[in-house]
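Count the sequence shown with the numbering used here and you get residues 1 to 479, in order.
For every residue, glycine included, the Cβ atom is placed at its ideal position computed from N, Cα and C.
The structure presented is a predicted model; accordingly, all values stated were derived computationally and were not measured.
A quick write-up on the structure given underneath.
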Amino acid sequence: MKEYLKSNIFRVISDVAEIEGVDAYVIGGFVRDILLNRPSKDIDIVVVGSGVDFARKVAQRLRARKVTYFKNFGTAQLKHNEWDIEFVGARKESYRLDSRKPIVENGSLEDDQKRRDFTMNALAIGLNKRNFGELIDPFNGLQDLKSKTIRTPLDPATTFSDDPLRMLRAIRFATQLNFDIELKTLDAIREMSSRITIVSIERVVDEINKMMASPRPSVGWLLLEQTGLLQHIFPELAAMKGVEARNGVSHKDNFYHTLEVLDNLSLKSDNLWLRWAALLHDIGKPKTKRFVAGQGWTFHGHEFLGAKMIPEIFRKLKLPLNDKMKYVQKMVLLHLRPIVLSQEVVTDSAVRRLLFDAGDDIDDLMMLCEADITSKNDITVRKHLANFRLVRKKLKEVEEKDSIRNFQPPVTGEMIMETFNLKPCKEVGLIKNRIKDAILDGEIRNDFFEAYTLMLNAGKELGLTAININPQYISLTNK
Ligand code: ATP
Ligand code: MG
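This is the structure in structure tokens:
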């Protein structure tokens, strides 16, 4: 462990602690992570005294220029080389009998450790001469780390009511580190789950995204469901759970299916937004579910409804409403297309249309579809995978031949308007679409001159007169 403390940073902090006569400790995530052998560059320093004054002294010695002081919070942040160091004075949390609002006062190291979320996050290491490198572990955090247990330092009800986000952090750490939540702690989450509603959605989603970036995100979603937290933070996903049977016919549980897809995909891709797409690909199913005699359960149009639900879900979760959202929406909308393709005789035209609609995201879409195969039957799985291999091959062939990906219609709306002397109107759109369809259906090649000729013919069919024909284009077309 001392290896990690050999850095110049800790020597300087130790010297300042000695000179100023205050006690300083490195605490929390940094200590946990070096013990778990996943060293990080974020260091939290607690001093028994003023964090801001202490940071100023350290910054002077390091000649660090990037220091930010948050006087109102009594904290300071210093960036030095690859390190990101936060200084804070040790605090104590106490509650007045007449108010639920905590008063934060100066406290001892132990006071500060008590108000941390978990025993493994309350570990501190002394940085003064007398205790340099010594682990200060009043709640047996080291043992919990060894047995991979998440446990609150105080009674869980106390720790969670001081900040209900900690319930979610427990689940996030369980997912990220593959740890178990101690039974009493888990029971408390179950009992207090509704308290999560007082926490800001930004803090909630921060934890969810860390969970989503973990090797097996399903661990977290299952815990959220089992503790009742899911219903409060993401009811649309909770609605996916359950199986209904009619006339002895039941459908699969879409919640568990979704989690399997998410884990399958996470084995193949770290792309956070593709992982969100996997989580949301069937989100339209509960609302489109029907029982049709002779057919059984159907979810017709769930990809359209699902795609329509995405902006509202992103808005509620305060996820970015930008191209990331559009990407997720596109994945949800298109997630059945390669499946349909793989089930039919694959025509060039259908492949071109898929390439046109998916653009550069085609490989991600194929990855999502392959992750969507969750049959327990080995033969079925192999059959589907083989079909998708065929679709991929076809995609490659068509792409090499026609370069449809990110294709822009070779004849623009301006050209159409100029040729037929039109203002923007319905006919311009009709001609543009006619050209696009002809290319996608393989009637003409993705080529300017073929498109120009088709434009002239399409105009004629609509009763338009070509006023300005560019002779250069015509002579080339006739070659
Ligand atoms: P990571 O950096 O992987 O997200 P972390 O545990 O380091 O995990 P930070 O947000 O960096 O999380 O917080 C650093 C430390 O601050 C934690 O280890 C913990 O001791 C304390 N802490 C953070 N958030 C809370 C909270 N909501 N309640 C109590 N203590 C917290
Ligand atoms: Mg951290």
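Item                                                                                                                                                                                     : Value
I'd like to know if the stretch 425-433 and the stretch 386-393 are in contact, where contact means that at least 3 CB-CB pairs between them fall below 8 Å.                             : no
In angstroms with no decimal places, state the Cα-to-Cα distance between M415 and G359.                                                                                                  : 24 Å
Whole beta strand (DSSP E) runs in the stretch 43-126 with 3 or more residues, listed along the chain?                                                                                   : 66-70, 75-80, 83-89, 91-95, 102-106 and 124-126
So what's N8 in DSSP terms, helix, strand or just coil?                                                                                                                                  : helix
As a quick check of your reading: which residues have a C-beta less than 6 Å from at least one non-hydrogen atom of ligand 2, in chain order?                                            : G29 and D42
When DSSP labels each residue in this structure, what does R151 get in the three-state scheme?                                                                                           : coil
Compare the Cα-Cα distances from P532 to each of D437, P320, K326 and D364 and report the closest residue.                                                                               : Look at the range of the chain in this structure, 1 to 479, and you will see that residue 532 is not part of it.
Just curious, the alpha helix (DSSP H) that G28 is in, first and last residue?                                                                                                           : Counting along the chain, G28 falls outside any alpha helix (DSSP H), and DSSP gives it neither H nor E.
Is R246 near ligand 1 - that is, is its Cβ less than 7 Å away from at least one heavy atom of it?                                                                                        : no
For E443, is the classification buried or exposed, using 16 other Cβ atoms within 10 angstroms of its Cβ as the cut-off for buried?                                                      : exposed
Looking at the structure shown, is S194 part of a helix, part of a strand, or coil, going by DSSP?                                                                                       : helix
Answer yes or no: do K92 and G107 have a C-beta to C-beta separation smaller than 8 Å?                                                                                                   : yes
Would you check if the distance between the CB atom of D282 and the CB atom of T298 is smaller than 8 Å?                                                                                 : no
According to the neighbour-count rule (16 or more other Cβ atoms, all chains shown, within 10 Å of its Cβ), is P217 buried or exposed?                                                   : buried
Please report the straight-line C-alpha distance between E18 and T149, rounded to a whole angstrom.                                                                                      : 36 Å
Let's test the definition: count the other Cβ atoms within 10 Å of the Cβ of K479 and tell me whether it reaches 16, buried, or not, exposed.                                            : Reliability fails at K479, whose pLDDT of 45 lies under 50, so the model's placement of it is uncertain and the value that follows must be treated cautiously. K479 is exposed by the Cβ-count criterion.
With DSSP as the reference, label G296 as helix, strand or coil.                                                                                                                         : strand
What residue ranges within the stretch 332-396 form continuous alpha helix (DSSP H) runs of no fewer than 4 residues, ordered along the chain?                                           : 337-343, 348-358 and 362-371
Any chance the CB of R116 is under 7 Å from a heavy atom of ligand 1?                                                                                                                    : yes
Using only the alpha-carbon positions, how far apart do P156 and V292 sit?                                                                                                               : 49 Å
I'd like to know whether the C-beta atoms of F173 and R151 end up nearer to each other than 8 Å.                                                                                         : no
When the Cβ atoms of the stretch 298-311 are set against those of the stretch 326-334, are three or more pairs found closer than 8 Å?                                                    : yes
For the putative contact between K66 and V52, defined by C-beta atoms under 8 Å, what is the C-beta separation to the nearest angstrom?                                                  : Incorrect: roughly 15 Å between the Cβ atoms, too far for contact.
Assuming P164 contacts M192 (C-beta within less than 8 Å), just tell me the rounded distance between them.                                                                               : 7 Å
Can you name the residues that DSSP bridges to D180?                                                                                                                                     : T149
Where do the ends of the alpha helix (DSSP H) carrying L454 lie?                                                                                                                         : F448 to E461
Going by Cα to Cα distance, which pick from K289, R63 and R169 is closest to A245?                                                                                                       : K289
Closer than 7 Å by C-beta to L135: which residues in its own chain qualify, once you throw out the five before and the five after it? Chain order, please.                               : L123, I125 and L142
The alpha helix (DSSP H) with I404 in it runs from where to where?                                                                                                                       : Where I404 is concerned, there is no enclosing alpha helix (DSSP H), given that its DSSP letter is neither H nor E.
F30 and D42 - do their beta-carbons sit closer together than 8 Å?                                                                                                                        : yes
From this set, I362, V351, Y69 and N178, which residue's C-alpha is nearest M211's C-alpha?                                                                                              : N178
Is the separation between the beta-carbon of L355 and that of V398 shorter than 8 Å?                                                                                                     : yes
Between which two residues does the alpha helix (DSSP H) carrying V204 extend?                                                                                                           : I201 to M212
Identify, in the order they occur along the chain, each residue of the same chain with its Cβ nearer than 8 Å to the Cβ of R61, setting aside the five sequence neighbours on each side. : V12, D15 and V16
Per DSSP, what kind of secondary structure is K479 in: helix, strand or coil?                                                                                                            : Confidence at K479 is low in this model, with a pLDDT of 45, below 50, so the placement of that residue is unreliable and no value is reported for it.
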